[in-house]
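Numbering (the working numbering) for the sequence shown: 187 to 529. Cβ coordinates follow ideal geometry from the N, Cα and C atoms, glycine included. To start, the structure under review is shown below, and the notes come after it.
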Amino acid sequence: MNTLMLSSDNEDIGKAAEIIKRGGIVAIPTETVYGLAADALNGDAVRKIFKAKGRPMDNPLIVHISDISQIYSLVREFPRKAEILAEKFWPGPLTIILPKSDIIPDEVSAGLDTVAIRFPSHKTAQKLITLSSPLAAPSANLSGSPSPTTLRHVYDDMNGRADAIIDGGDCEVGVESTVITLAQDIPALLRPGGITAEQLRSAIGEIKVANAVTQPLGDGERAASPGMKYKHYSPKAEVILLDGENDEFYGYINGIKDRNAAVLCYTEDMENIELPCIPIGKKYDYSEQAHLLFAALRKADEMGFDTVYARCPGKKGVGLAVYNRIIRAAGFNIISLKGAEKK
Ligand code: AMP
Ligand code: MG
Numbered sequence: 187m188n189t190l191m192l193s194s195d196n197e198d199i200g201k202a203a204e205i206i207k208r209g210g211i212v213a214i215p216t217e218t219v220y221g222l223a224a225d226a227l228n229g230d231a232v233r234k235i236f237k238a239k240g241r242p243m244d245n246p247l248i249v250h251i252s253d254i255s256q257i258y259s260l261v262r263e264f265p266r267k268a269e270i271l272a273e274k275f276w277p278g279p280l281t282i283i284l285p286k287s288d289i290i291p292d293e294v295s296a297g298l299d300t301v302a303i304r305f306p307s308h309k310t311a312q313k314l315i316t317l318s319s320p321l322a323a324p325s326a327n328l329s330g331s332p333s334p335t336t337l338r339h340v341y342d343d344m345n346g347r348a349d350a351i352i353d354g355g356d357c358e359v360g361v362e363s364t365v366i367t368l369a370q371d372i373p374a375l376l377r378p379g380g381i382t383a384e385q386l387r388s389a390i391g392e393i394k395v396a397n398a399v400t401q402p403l404g405d406g407e408r409a410a411s412p413g414m415k416y417k418h419y420s421p422k423a424e425v426i427l428l429d430g431e432n433d434e435f436y437g438y439i440n441g442i443k444d445r446n447a448a449v450l451c452y453t454e455d456m457e458n459i460e461l462p463c464i465p466i467g468k469k470y471d472y473s474e475q476a477h478l479l480f481a482a483l484r485k486a487d488e489m490g491f492d493t494v495y496a497r498c499p500g501k502k503g504v505g506l507a508v509y510n511r512i513i514r515a516a517g518f519n520i521i522s523l524k525g526a527e528k529k
């Protein structure tokens, strides 16, 4: 397939809208990560997304809207708590799961009775939706790989697989949207992202955090969010997380003799580490870490490293989103350095 490269100007967004209306798939910029979009109400078009990504068909997609009024035909109920969240956080990096209406194709909901809805703040995405239709779009990476946050990442994964790619520069947030379900008595955070658990609680009160956010699923445990059960966000290199204080971390890292290893670290760590470093931002700047994380994981592969050691990040605020992605990239492989003997 020949992939058309488009800019974010009006004429090119118009071309992308025509491709979507004809049932094609287009990689688009959003404020979280790049998405791979199709007309959400066209099951055949949506199926092409799964094929292009190699995504398991049981992993549902998020439907993107560009005006609140579009939601009423997509869901069966729009409860007060959803209204409050929409008023406070839309447009923005929050996905809300609600009971689905009959017009949502099975391909989008993966056979579930619910649908995930988001109103992105990115102007190019909004314009495209307005000119075409609500868009079903997962991240525009090959299934399992780190999500794309730059044009080059999308090109590397989707050239020859998507009908077109729209250049929107680098993504601002850098990790996928926060996902909350309101399709149950007590709302539950299924995936942390740019809107934090603390912000959600201050808006609507009690929410649960699904176990799968921080832990591997137990045997036979059902994933509330099917996407959480897969190994995810992984570069080709093996990722190993190190949990410890600065001295413990530096001691361990500087004892490693493997010349094919690199370290994902905070900016402040770099001067203390002898192995090649790929910085992911300052220690307490969780937004910067979210912004840089996926690019850093891809860079490790580009530079040809076999192993990547990473610091175990903090779990507060947007830090929880960084933690959630990096433990999956590492396949939950965490070495505790707490109290370990210094080398
Ligand atoms: P992606 O679009 O690649 O960021 O993935 C979307 C995420 O939202 C995946 O983890 C899905 O499992 C999750 N998701 C989408 N729709 C639903 C739904 N109806 N119920 C639960 N999780 C969902
Ligand atoms: Mg994804």
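The beta strand (DSSP E) enclosing residue i, as first and last residue numbers
i, result
"T310", "Taken as a continuous stretch (DSSP letters only), T310 belongs to no beta strand (DSSP E), being part of the alpha helix (DSSP H) at 309-317."
"S287", "That residue, S287, is in no beta strand (DSSP E); it is neither H nor E in DSSP."
"R266", "Looking at the DSSP string, R266 is not in any beta strand (DSSP E); the run it does join, the alpha helix (DSSP H), is 266-275."
"E424", "424-429"
"L376", "374-377"
"I257", "Element bounds for I257: n/a, residue is neither H nor E."
"S522", "520-522"
"D225", "221-225"
"V365", "364-367"
"L450", "447-451"
Cα-Cα separation, residue i to residue j
i, j, result
"K529", "D433", "With a pLDDT of only 44 at K529, under 50, the local geometry of the prediction cannot be trusted, and no value is derived from it."
"S473", "V504", "6 Å"
"I254", "F305", "8 Å"
"M187", "A348", "8 Å"
"I206", "P215", "15 Å"
"F480", "A296", "26 Å"
"N421", "I235", "The sequence given here places Pro at residue 421; Asn does not occur at that position. Cα to Cα, the separation comes out at about 21 Å."
"N519", "L450", "15 Å"
"A203", "V249", "16 Å"
"G360", "E197", "27 Å"
"N397", "F264", "26 Å"
"Y341", "A369", "36 Å"
"S307", "P277", "5 Å"
"G330", "Y438", "29 Å"
"L478", "K502", "17 Å"
"T336", "D487", "16 Å"
"P373", "G490", "43 Å"
"D288", "E269", "21 Å"
C-beta contact flag for residue i and residue j at 9 Å
i, j, result
"N440", "E460", "yes"
"A284", "R266", "For the record, residue 284 in the displayed sequence is Leu; it is not Ala. No, they are not a contact pair."
"S194", "D353", "yes"
"D455", "K524", "no"
"T367", "A322", "no"
"V212", "L227", "no"
"Y419", "P320", "no"
"T364", "P279", "yes"
"L271", "I466", "no"
"D225", "G209", "yes"
"A476", "C463", "no"
"P334", "V219", "yes"
"A311", "G221", "yes"
"E457", "C357", "no"
"D444", "D492", "yes"
Neighbourhood of residue i by C-beta distance below 7 Å, restricted to the same chain and skipping five residues each side
i, result
"G346", "M187, T189"
"A383", "L375, I393, V395, L506"
"P127", "Summary: the structure shown does not reach residue 127, with the chain confined to residues 187 through 529, and so no result is reported for it."
"P378", "T364, V399, L506, A507, N510"
Limits of the unbroken alpha helix (DSSP H) element including residue i
i, result
"V508", "505-515"
"E204", "196-207"
"V212", "Premise fails: V212 lies in the beta strand (DSSP E), 212-214, not in any alpha helix (DSSP H)."
"L337", "337-344"
"G229", "229-239"
"I390", "383-390"
For residue j and residue i, believed in contact at Cβ under 8 Å, the rounded distance
i, j, result
"A482", "L427", "Not quite, the Cβ-Cβ distance comes to about 14 Å (not below 8 Å), so this is no contact."
"A326", "P246", "About 17 Å separates the two Cβ atoms, so there is no contact after all."
"T400", "Y509", "7 Å"
"K417", "R514", "7 Å"
"R233", "E293", "5 Å"
"M344", "A238", "7 Å"
"L260", "I290", "6 Å"
"S252", "I315", "4 Å"
"R511", "H339", "Between H339 and R511 the Cβ distance is about 15 Å, and since that is not below 8 Å, they are no contact."
Any C-beta of chain B under 9 Å from that of residue i
i, result
"F491", "The chain inventory of the structure shown lacks chain B, comprising one protein chain alone."
Sequence-distant residues of its chain with Cβ nearer than 8 Å to residue i (five each side left out)
i, result
"S522", "D429, G430"
Sequence-distant residues of the same chain with beta carbon closer than 6 Å to residue i, five excluded per side
i, result
"T223", "Note that residue 223 is Ala in the sequence shown here, rather than Thr. Closer than 6 Å at Cβ, skipping near neighbours: V212, I214, L321, A323."
"G380", "P279, V359"
"T453", "P465, K468"
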